[in-house]
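Quick note, the sequences are listed as chains D and X, same order. Here the first sequence is numbered in this note's numbering, starting from 1 and rising by one per residue. Here the second sequence is numbered in this note's numbering, starting from 1001 and rising by one per residue. Written below as C-alpha cells is the structure these notes are about.
Number of protein chains: 2
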Amino acid sequence: MDVELITVGDELLLGFTIDTNAAHLARELAAIGIGIRRRGTVGDVAEDIATAVREALDRTGAVITTGGLGPTSDDLTKPSIAAIFGRGMRRDEEHVAWMEQRWQQRFGRKMPESNRAQAMLPEGARKLTNNHGSAPGIWLEDDRGRWVAMLPGVPREMRGMLADTLLPILQQRVSRDGHPTVVRSRTLRTTGVAESLLADQIDPIRESLGPISLAYLPAPDGVDLRLTIRGVDAARADGILDAASSVIRDRLGRSIYAEGSTDLAEVVLDRCRALHLTIAVAESCTGGLLGARLTAIPGSSDVVLGGIIAYANDVKRDLLGVDQQQLDAHGAVSEEVVRQMAEGARARLGASIGIGITGIAGPGGGTPEKPVGTVWVALAHEQETRALQLRLIGDRDEVRRRATQSVLELVRRTLSEKD
Amino acid sequence: MDVELITVGDELLLGFTIDTNAAHLARELAAIGIGIRRRGTVGDVAEDIATAVREALDRTGAVITTGGLGPTSDDLTKPSIAAIFGRGMRRDEEHVAWMEQRWQQRFGRKMPESNRAQAMLPEGARKLTNNHGSAPGIWLEDDRGRWVAMLPGVPREMRGMLADTLLPILQQRVSRDGHPTVVRSRTLRTTGVAESLLADQIDPIRESLGPISLAYLPAPDGVDLRLTIRGVDAARADGILDAASSVIRDRLGRSIYAEGSTDLAEVVLDRCRALHLTIAVAESCTGGLLGARLTAIPGSSDVVLGGIIAYANDVKRDLLGVDQQQLDAHGAVSEEVVRQMAEGARARLGASIGIGITGIAGPGGGTPEKPVGTVWVALAHEQETRALQLRLIGDRDEVRRRATQSVLELVRRTLSEKD
C-alpha cells in the first residue's frame, strides 16, 4: 500500500518551521509496510489544499494530511477536504461537551469561543482520538474506498494520534489486503572515504547485493550507505538486508565503523570501555567540541576523565606543558605542538589515552603554508604518539566537526589494531 | 513571482533525512520577493521525478529542485528533467577537465571513474557554479520561458550555489518583472522568560505594532518573537519592522538579547571584547559544550583563553583546585564546588572571568534531593563569585544546552549592570 502525504501550513512553506512530521510519519508507516510515494506541502490557502489533496487522491487513493485543524481562522484543512468529498460540515456536540469539560478540569475556566470551530466535522467523518490536545483527527472515506486521514500539525499531538489511533487502523487495512509487505532499511556508516571511491569498490559487486536499493548519503562526518528493501514480508526483508550488509562489510572491511545512527564517538567509547582505557583531550581549534561530543553519550564518565581547552598559547604552555620554544619555532598548528598537547593531556589527567587537536578553522588565520582547514591531530597511547595532518574543507563549523571526526577515527583504527 | 520546489531523494521520502533545504530556500527566496506556492518531495525514481516536475511546470512555469546530482547511479534528476524538455544528455568535457584538476590538487590522486557522470549535462543547459563541491547546478529553460533550476542536495553545496549563483539570476528576473513586493521578517530573541509572560507584556501594546504578524517561537534556548510584514515594497517593509521592533524593545527592555539569528554567546563575546575581559571555563556535565559554543564564533580567541573539562572529580581537584573535603561533603553538584570551579578556572588560566558548570544531565545519576536537571552554574569576576542553581527540563542534550544558555545569560546580565 502506498500513501501520499500533504503537510499544510504557511510556516512550513515560508521556511520558518522545519517539517519534522513528514519524516516521522514516513518512518512509522514504513515499519508496517506502507510506502510514501510522494509528499507535498501547501500553505493555508483553501484552494491549494483542495487541489493538492485531489491530485494525490487521484494518484493513490490514500492521503494523510498534517496541520490546519486548529481553532484559528487560518485552519482550513477540514472544509477544503470535505468539499472534495462533496460533504458539508456539521458541529459535533459530543466533542463540544468534551472540550468544555476538559477546559474546566485542566485550566479551571470556560472554554474560549474560538475552540468551537474544532468541533466542526465533515459529514460522515470518523473522529480520530487526540489524547494530547483538543483538535480531533478526521478519517474521511468515500464509497470507492478512497480515504484521507487528517492529523494535527503540532508534532506531539500528531505523534500521539498516529500511534494511538491511525497506525492501528492502517495496520488492519494492510493485513486485510493480504500478506503484509514492509519497507526496511539498514545504514552502514563510513568515514574518511570519498563517495565516488566507495562506489568504485561496490560497483563490481552491486549485482550480488540482491533486490535492494542502495543510496550513498554524503555528510561532513562521512558517507552513509543505506540499503533498502521493499515489497517483501518482514522476515524475508531482514534476510536480504543481512546478506547484503555482510557482502558490503566483506568488501569495505574496516571502513565501516557502525550501523544505524550510532555516532563514531560511541564506537570509540565502547572500544575503550572494553579495553579499560580512559581518555583525556587537549583541544585548541575545536575549543571543547570533542569533549562535548564524547560526553553527549550517557555513561561516558567511565571513560572520559576530561581535558584542557587550550585555545590560547599560554594555556598550551602552562596547563599542557607544551615547550615555548616549539611554539615559537613551529607555531601552534604543527606536529611538534600537537604531540605535546596529546601527551600533556594524558599525563596531566592521568589517562590511558591523550588526544590533541590544533588547527586553523577559519575564516581568518590562514597562511599560504597553513591554509584554513589545516589541522593537526594526535593520539598518545602507551609508548607511542601518532600524529596526522589533515586538510579539511568547509566552513568553520565543518572544519571543527571534521577534525573531531577524523581524530575519533584515528583512535578507532589504532585501537582496532589491538584485536 | 511564484516558484515550486521539489526535493528529490529516497532518504527524504523514507524520513531518514529531515529536509532543511526546503526551509532555507523558502526564506532566501522570500527575501527577494519570490513566494513558494507549493513544495513536493519524490524518491529516486525517474518517473516520479519527471511527473512531479512536469506538473509543477504546468502550474507555475518555474521550478527549483534539490538533490539527485551526485555521481552514483541513484542520482536521476538530470536525465529525468532533460526528458521533459525533450533534450538529450552530453558530456561537458570542460567540466571533466576541471574535476580532474580539482582531484589532483585537493587529494593528490586521479579522479574516480564514477565522477564522470557529474559532467553529463542536458543539451542547452546553463551550468550553475558550485564553489563547494564537484556537481554543477543546472539551469534549463524552454522557448516559452519556463525554467527548472537543479541544485545539489548536500546543504552546504546547495546554500553556496543559491547565494553565489541562483539568487543573482532570480533577483534580475524579479526586477525585470516590475516593482516587487517582499516578505520581510525580523526576529527578537529572549531567554529565561516564559512565552505566556511575554504575551502578557505585549498584548496591551499589540495594536501599536502596525500591520505586522507576530509569532511566538518557543525553543530550548528561549522564546523568539518573529515580526513579519508582507505585500509592501522593501523600503516600506523595513520602516514598519523598525518601528515595531522599537516599540517591543521599549516594552521588554533587557529581556531581548539579540536580533536575527545571533547566538547569545556572540553577544557575550562582544560585550567582553568591549570591556577588555577574557574568559576561562570549567565544565563538568557540559563536557566542553560551553567552550565549543563560544569558540564556534570567529574571532573568539581574543576573549576565550580556554578552560578545563573537569568531568571526573579528580580533575576538579587536581586541575581546578577544588577542595576534596567540599567534594566529599556536598558532592560535585553543589554551590561550594561550582564556586571553586569558576574561581579555579579564572586563577589557573589567568582570565578576567571564570565560568563554572556542574550538574546532572541524565538520564542516570539523579537522586530525590538532586534530580536529573539539577545544575549549578557560577561566574567569578573581580572580587565576586555569583552562583545560581537551575532546575532544567528535557533530555540530556537539552539539559546541557539549557545549562550553557543559562550561564551565558548570567554573564550577560552581570556585565550589563556595568553600564
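Quick reminder that beta carbons are idealized off the backbone N, C-alpha and C, glycines included. The model shown is predicted, which means the values in this text are computed figures rather than measured ones.
Looking at the C-beta of residue i, does it have a partner C-beta in chain D at a distance below 8 Å?
i: P1298 of chain X; result: yes
i: G1287 of chain X; result: yes
i: F1016 of chain X; result: yes
i: P1363 of chain X; result: yes
i: V950 of chain X; result: No information on residue 950 of chain X is available, as it lies outside the stretch 1001 to 1419 that chain X covers here.
i: A1443 of chain X; result: The requested residue 1443 of chain X is not part of the displayed model; chain X covers only 1001 to 1419.
i: A1022 of chain X; result: yes
i: A1292 of chain X; result: yes
i: L1131 of chain X; result: This sequence places Asn at residue 1131 of chain X; Leu is not what is there. It does not: the Cβ of N1131 of chain X has no partner Cβ on chain D nearer than 8 Å.
i: A1026 of chain X; result: yes
i: E1011 of chain X; result: yes
Taking the DSSP output, what are the residues bridged to residue i?
i: H1024 of chain X; result: Bridge partners of H1024 of chain X: none, in fact.
i: K127 of chain D; result: D:I138
i: S1185 of chain X; result: X:T1228
i: M1089 of chain X; result: X:P1122
i: S213 of chain D; result: D:T228
i: M150 of chain D; result: D:T65 and D:I138
i: H381 of chain D; result: D:I353 and D:E384
i: L1390 of chain X; result: X:V1375
i: R1059 of chain X; result: R1059 of chain X is not bridged to any residue.
i: T51 of chain D; result: Answer is none; T51 of chain D lacks a bridge partner.
i: V1304 of chain X; result: X:I1279
i: T1036 of chain X; result: Per the sequence shown, residue 1036 of chain X should be read as Ile rather than Thr. Beta-bridge pairing links I1036 of chain X to X:V1003.
i: V42 of chain D; result: D:V8 and X:R1038
Can you grab the Cα-Cα spacing for the pair residue i / residue j, in whole Å?
i: Y257 of chain D; j: D200 of chain D; result: 19 Å
i: I1357 of chain X; j: L1005 of chain X; result: 45 Å
i: M1150 of chain X; j: G1137 of chain X; result: 5 Å
i: P298 of chain D; j: A265 of chain D; result: 11 Å
i: D1142 of chain X; j: G1124 of chain X; result: 9 Å
i: I1036 of chain X; j: R87 of chain D; result: 30 Å
i: M341 of chain D; j: I169 of chain D; result: 60 Å
i: V322 of chain D; j: H330 of chain D; result: 12 Å
i: P1220 of chain X; j: R156 of chain D; result: 16 Å
i: Q172 of chain D; j: A1062 of chain X; result: 42 Å
i: K1127 of chain X; j: G1364 of chain X; result: 54 Å
i: I432 of chain D; j: L188 of chain D; result: The structure shown does not extend to residue 432 of chain D, since chain D is modelled only from 1 through 419, so no value can be given for it.
i: R146 of chain D; j: I34 of chain D; result: 15 Å
i: D1048 of chain X; j: I1212 of chain X; result: 40 Å
i: A280 of chain D; j: R1401 of chain X; result: 22 Å
i: R346 of chain D; j: G394 of chain D; result: 30 Å
i: L1241 of chain X; j: N1115 of chain X; result: 48 Å
i: R1144 of chain X; j: L29 of chain D; result: 41 Å
i: S301 of chain D; j: C1285 of chain X; result: 10 Å
i: G108 of chain D; j: V96 of chain D; result: 16 Å
Taking only beta-carbon atoms, is residue i less than 8 Å away from chain X?
i: E195 of chain D; result: yes
i: Y311 of chain D; result: yes
i: V281 of chain D; result: yes
i: Y257 of chain D; result: no
i: P211 of chain D; result: no
i: S334 of chain D; result: no
i: T367 of chain D; result: no
i: V375 of chain D; result: no
i: T190 of chain D; result: no
i: R396 of chain D; result: yes
i: P180 of chain D; result: no
Give the range of the alpha helix (DSSP H) segment to which residue i is assigned.
i: Q1324 of chain X; result: Q1324 to H1330
i: D1002 of chain X; result: Looking at the DSSP string, D1002 of chain X is not in any alpha helix (DSSP H); the run it does join, the beta strand (DSSP E), is D1002 to V1008.
i: A1243 of chain X; result: A1234 to L1252
i: L335 of chain D; result: According to the sequence displayed, residue 335 of chain D carries Glu and not Leu. Unbroken alpha helix (DSSP H) run through E335 of chain D: E335 to L349.
i: R1144 of chain X; result: Looking at the DSSP string, R1144 of chain X is not in any alpha helix (DSSP H), and its letter there is neither H nor E.
i: E1259 of chain X; result: No alpha helix (DSSP H) contains E1259 of chain X, which is instead part of the beta strand (DSSP E) from I1256 to E1259.
i: R982 of chain X; result: With chain X covering 1001 to 1419 only, the question about residue 982 of chain X has no answer from this structure.
i: P168 of chain D; result: L167 to R176
i: L1319 of chain X; result: N1313 to L1320
For the ligand SAM, any of its heavy atoms closer than 7 Å to the Cβ of residue i?
i: S1284 of chain X; result: The ligand SAM is absent from the structure shown, which contains no ligands of any kind.
**Prompt:** Are the segment 1007-1023 of chain X and the segment 11-26 of chain D touching by the rule of at least three beta carbon pairs closer than 8 Å?
**Reply:** Inter-segment contact for the segment 1007-1023 of chain X and the segment 11-26 of chain D is present: three or more beta-carbon pairs are separated by less than 8 Å.
**Cβ contact (3+ pairs, closer than 8 Å) linking the segment 377-386 of chain D and the segment 333-340 of chain D** = With a cut-off of 8 Å, the segment 333-340 of chain D and the segment 377-386 of chain D count as touching, because enough Cβ pairs lie within range.
**Message:** Measuring CB atoms only, is the segment 1310-1322 of chain X touching the segment 1368-1383 of chain X, in the sense that at least three cross pairs come out at less than 8 Å?
**Reply:** Judged by Cβ distances under 8 Å, the segment 1310-1322 of chain X makes no contact with the segment 1368-1383 of chain X, as fewer than three pairs qualify.
**Request:** Kindly confirm or deny that the segment 287-304 of chain D and the segment 393-411 of chain D touch, where touching means at least three C-beta pairs closer than 8 Å.
**Result:** Result yes; three or more Cβ-Cβ pairs closer than 8 Å.
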